[in-house]
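Visitor:
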Amino acid sequence: MTRVAQGDAEAFSELYDQTSSMIYGLAVRVVRSEALAEEVTQEVYLQVWRQASGFDAQRGSVKSWMATMAHRRAVDVVRRSQSARDRELKVPADGPVADIAEMAILGDERDRVRAALSSLTDLQFQVIEMAYFGGLTYREVAERLDTPLATVKTRIRDGLTRLRSTLGEE
Amino acid sequence: MMDEMHDLVAAYAVDALDDSERAEYEAHLADCVECREELARLSDGAAAVAETVSVTPPPQLKERVMAAVREEGATNVVSIDDRRWRPRLWVPFAVAAVAALVLGAVAIIQAFAMNDLSGPGGVIAAAEAAANEPGAIVAEFATDTGAVGQVVLTTDGEGYLVPSGLETLPEDRTYQLWVITPDELAISAGVLGNEPVPSRFTWTDDVAGFALTREVAGGVVSSEGDVVSVVEL
Chain A
7 MTRVAQGDAE
17 AFSELYDQTS
27 SMIYGLAVRV
37 VRSEALAEEV
47 TQEVYLQVWR
57 QASGFDAQRG
67 SVKSWMATMA
77 HRRAVDVVRR
87 SQSARDRELK
97 VPADGPVADI
107 AEMAILGDER
117 DRVRAALSSL
127 TDLQFQVIEM
137 AYFGGLTYRE
147 VAERLDTPLA
157 TVKTRIRDGL
167 TRLRSTLGEE
Chain B
730 MMDEMHDLVA
740 AYAVDALDDS
750 ERAEYEAHLA
760 DCVECREELA
770 RLSDGAAAVA
780 ETVSVTPPPQ
790 LKERVMAAVR
800 EEGATNVVSI
810 DDRRWRPRLW
820 VPFAVAAVAA
830 LVLGAVAIIQ
840 AFAMNDLSGP
850 GGVIAAAEAA
860 ANEPGAIVAE
870 FATDTGAVGQ
880 VVLTTDGEGY
890 LVPSGLETLP
900 EDRTYQLWVI
910 TPDELAISAG
920 VLGNEPVPSR
930 FTWTDDVAGF
940 ALTREVAGGV
950 VSSEGDVVSV
960 VEL
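Chains as they are written, first to last, in the working numbering: chain A, 7 to 176; chain B, 730 to 962.
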């Protein structure tokens with residue numbers, strides 16, 4: 007990362023190789039359009055290039071720094087397009103296809119992700135899936151599940167904490 | 730209220746706040762060490778979720794990214810590793826209007842704004858009075874060519890910057906003042922314009938130093954590293 011901060015294109019290329027599957031995969035999952043996901047990914051890497059010198063390892067890993075950036079952008083894309091739709095504007099055919107009310111992941115992939123996140127309880131998985139992959143706010147999640155806001159916040163926090171401690175054990 | 734804010738950390742970590750709550754929470758985050766630590770932990774958890782959906786991107790995407798980066802050039806990435814201070818702002822806590830310029834995730838803590846105190850003369854007089862208060866910090870920005878400004882900060886948080894002989898920058902550039910906190914965060918204290926006048930700011934927390942940088946007009950989130958002068962206390 008230090009080398010990237012110094013403008014080392016080769017180090018940047020290595021960083022891309024190590025992280026692009028995570029960034030692109032996350033973007034595809036959230037925006038549900040390959041074209042938009044490519045845009046999000048490209049913007050994230052430009053941002054990394056510009057701001058690498060501001061990265062502080064004491065505040066977390068490169069991966070979580072980048073995942074945070076990518077997720078924020080992807081969610082903003084989804085929400086913007088959602089609100090455009092709410093205003094009954096025409097959404098390009100290429101735009102995110104599904105209503106974010108729909109489940110974020112479907113079918114086999116959902117099983118696979120569920121297995122990878124097996125340390126979560128079903129209830130924790132459900133809220134994290136809806137918020138993280140579905141781009142819903144915790145208020146929307148609470149509404150859809152008819153669950154108190156405080157419960158939703160607690161489930162997200164407990165779930166993320168559990169995932170983090172699972173990582174620590176590896 | 731405070732507790733309510735703490736409670737939002739997990740929702741913030743998964744971007745599950747709406748715009749207004751997000752802005753409120755980011756204002757809180759700028760002041761709350763506990764939340765920043767908690768957020769770092771929770772973000773690791775969120776990254777673990779992200780990894781479960783990894784998909785190899787099309788190969789031409791890498792070509793495009795590398796081309797974009799080449800176009801950007803290395804000039805935007807000035808290393809200031811050789812200085813003891815560097816901006817360390819990656820956690821997304823954004824507050825100010827300047828943050829609107831910002832590419833989504835990265836951070837500015839525009840904790841307060843520079844403002845006039847009935848014209849530059851008034852500010853100079855106020856700064857002199859402040860410098861004479863017991864316990865006031867008085868620090869000087871200097872470069873190879875001599876002093877370029879003085880910073881004064883009183884114990885009750887009144888701060889002043891009085892520039893002296895700073896060269897005027899082109900209109901698309903600006904000076905920016907940063908407070909360096911004891912944990913080495915560089916917090917923007919104000920965007921000074923290309924031709925700075927004496928200005929006032931407030932800062933009530935601990936301070937380990939100040940930095941003066943040149944940035945693109947409008948100010949930046951995270952310094953590009955074009956440092957004019959740094960004062961460590």
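We treat Cβ as the ideally placed atom computed from N, Cα and C, and that holds for glycine. The structure displayed is predicted, hence computed values, not measured ones.
In the DSSP output, what is I866 (chain B) paired with across the bridge?
Guide: B:L882
Visitor: Mind listing which residues of the segment 932-962 of chain B have their C-beta closer than 9 Å to chain A's C-betas, in chain order?
Guide: Listed by position along the chain: V950, S951, S952, E953 and G954.
Visitor: Hey, would you say Y138 (chain A) sits closer than 8 Å to V778 (chain B), going by beta carbons?
Guide: yes
Visitor: Which residue's Cα is closest to the Cα of G58 (chain A): B:S952, B:L890 and B:I853?
Guide: A quick correction: the sequence has Ala, not Gly, at residue 58 (chain A). Minimum Cα distance to A58 (chain A) is reached at B:S952.
Visitor: Note down, in chain order, each residue of its chain lying with its Cβ closer than 7 Å to the Cβ of A33 (chain A), except the 5 sequence neighbours on either side.
Guide: A43, V46, T47, A76 and A80
Visitor: For R170 (chain A) and S928 (chain B), I'd like the C-alpha separation in whole angstroms.
Guide: The alpha-carbon separation between R170 (chain A) and S928 (chain B) amounts to approximately 45 Å.
Visitor: Thinking C-beta only, is A775 (chain B) closer than 8 Å to A705 (chain B)?
Guide: With chain B represented from 730 up to 962, any question about residue 705 (chain B) goes unanswered, as that position is not in the structure.
Visitor: Under the three-state reduction of DSSP, which class applies to T942 (chain B): helix, strand or coil?
Guide: Of the three classes helix, strand and coil, the one that applies to T942 (chain B) here is strand, per DSSP.
Visitor: State the start and end residues of the unbroken alpha helix (DSSP H) segment that holds T8 (chain A).
Guide: The continuous alpha helix (DSSP H) containing T8 (chain A) extends over residues T8 to A11.
Visitor: Report back the beta-carbon spacing between Y904 (chain B) and R943 (chain B) to the nearest angstrom; my notes put them in contact at under 8 Å.
Guide: Sure, about 6 Å apart at Cβ, within 8 Å.
Visitor: Below 8 Å CB to CB, which residues in the same chain sit around A73 (chain A) once its five sequence neighbours on both sides are set aside?
Guide: M28, I29 and L32
Visitor: Within its chain, find whatever has a CB closer than 8 Å to the CB of V10 (chain A); leave out the 5 residues flanking it on each side and keep chain order.
Guide: A17, F18, L21, V54, W55 and A58
Visitor: Under the three-state reduction of DSSP, which class applies to L142 (chain A): helix, strand or coil?
Guide: The three-state reading of DSSP puts L142 (chain A) in coil, since its state is none of H, G, I, E or B.
Visitor: In whole angstroms, give me the CA-to-CA distance for S893 (chain B) and V926 (chain B).
Guide: 9 Å
Visitor: Which first and last residues belong to the beta strand (DSSP E) in which T25 (chain A) is found?
Guide: Membership of T25 (chain A) in any beta strand (DSSP E) is not indicated; the residue belongs instead to the alpha helix (DSSP H) covering A15 to V37.
Visitor: Using a C-beta to C-beta distance shorter than 7 Å, which residues of chain B count as neighbours of M28 (chain A)?
Guide: A779, E780 and S783
Visitor: Where do the ends of the alpha helix (DSSP H) carrying Q64 (chain A) lie?
Guide: Counting along the chain, Q64 (chain A) falls outside any alpha helix (DSSP H), and DSSP gives it neither H nor E.
Visitor: Kindly indicate which residue of B:C764, B:E753 and B:E900 has the alpha-carbon position closest to the one of V738 (chain B).
Guide: B:C764
Visitor: Please confirm whether D736 (chain B) has its beta-carbon closer than 8 Å to some beta-carbon of chain A.
Guide: Yes, contact with chain A.
Visitor: Along the alpha helix (DSSP H) that carries D955 (chain B), what are the first and last residues, could you check?
Guide: It is not in any alpha helix (DSSP H) - D955 (chain B) instead sits in the beta strand (DSSP E) that spans D955 to E961.
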